[in-house]
Amino acid sequence: MNPCTANAGIEAIDTRSVTRMRFAASCAEPAWRAEFVVRATISAEVVTAARDLRAGEVIDATAVTLERRDLVAPAEAISDPALVVGKTSRRVLRSGQLVSRRWLVEPLLVRRGADVTILARDVGVEVRVAGEALAAGRRNEIIQVRNKTNGNVIRARVIDVDTVEPITSTDSGFGD
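Just add 36 to wherever you are in the sequence shown, counting from 1, and you've got the working numbering.
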């Protein structure tokens, strides 16, 4: 093949997957076109399980480590352990296994039927009242809570372990 002397170009045909991309190379003089399949590998430092973890177990800093791995689905990989610590996995993780974003959830902070503290704050005043969770909840989820003092059922946001806050000041559940 003669060297290309005019209008050489490379066109991306399909680059949806880095593991199999298609390109076309072409030249105007002499006229020719050829297609190529390119297979790439992405390697990165990613979070892996340092030990076996049960589904639902809160992940602490000692439970994960960074390892260099070849990645098939880079969008699912996590490179910062701080994004994993404090979360739980929906599934069992084996030692050395890559921790995927899709498996992580906030831990359950309130269990259905648990005694909770309803914490209302307004302009420096803080009021705490005993309540009962009518649903389970994770951080920032809205659940139903029964005020044990007056029996009112309110909607409250989970803010910590067994602690909720009314979602509006007018619906605090503290009135008669």
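Backbone N, C-alpha and C define an ideal beta-carbon position, used for all residues, glycine too.
The structure displayed is predicted, hence computed values, not measured ones.
Give me the Cβ distance between residue i and residue j, rounded to the nearest whole Å; I'm assuming they're in contact under 8 angstroms.
i             : j          : result
lysine 123    : valine 141 : 6 angstroms
valine 82     : valine 100 : Actually they are not in contact, since the Cβ atoms of valine 82 and valine 100 sit about 10 angstroms apart, beyond 8 angstroms.
glutamate 112 : serine 136 : 4 angstroms
alanine 86    : serine 115 : With 8 angstroms as the limit, alanine 86 and serine 115 do not qualify as a contact, their Cβ atoms being about 16 angstroms apart.
Please confirm whether residue i has its beta-carbon closer than 7 angstroms to some beta-carbon of chain B.
i          : result
serine 131 : Of the chains in the structure shown, none is chain B; there is only one protein chain.
Using beta-carbon positions only, say whether residue i and residue j come within less than 7 angstroms of one another.
i              : j             : result
alanine 70     : alanine 61    : yes
valine 194     : glycine 173   : yes
aspartate 106  : threonine 84  : no
isoleucine 178 : arginine 191  : yes
arginine 157   : glutamate 168 : no
leucine 89     : leucine 129   : yes
Which two residues bound the contiguous beta strand (DSSP E) that contains residue i?
i             : result
serine 79     : 78-85
cysteine 40   : Note, cysteine 40: premise wrong, no beta strand (DSSP E); not H, not E.
threonine 51  : 45-53
arginine 111  : Checking the sequence, you will find alanine at residue 111 rather than arginine. No beta strand (DSSP E) contains alanine 111, which DSSP labels as neither H nor E.
valine 194    : 189-196
leucine 89    : From DSSP, leucine 89 is part of no beta strand (DSSP E); its letter is neither H nor E.
alanine 68    : The question names alanine, yet the displayed sequence has tryptophan at residue 68. Looking at the DSSP string, the run of the beta strand (DSSP E) that includes tryptophan 68 is 68-74.
aspartate 158 : 151-158
glutamine 180 : 178-183
Give every residue of the same chain whose Cβ lies closer than 6 angstroms to the Cβ of residue i, excluding the five residues on either side of it in the sequence, and list them in chain order.
i           : result
glycine 92  : Thr124
cysteine 40 : Cys63
Considering only residues of the same chain and omitting the five flanking positions on each side of residue i, which have a CB-CB separation below 7 angstroms?
i              : result
valine 54      : Ala76, Ile78
threonine 199  : Val152, Thr153, Leu155
isoleucine 203 : Ile178, Arg191, Ala192, Arg193
What does a CB cutoff of less than 8 angstroms around residue i pick up in its chain, not counting 5 residues either side in sequence?
i            : result
arginine 148 : Ala169, Leu170, Ala171, Ala172
arginine 189 : Position check: residue 189 holds valine in this sequence, whereas arginine was assumed. So the list reads Leu170, Gln180, Val181, Arg182, Asn183, Gly209, once near-sequence residues are dropped.
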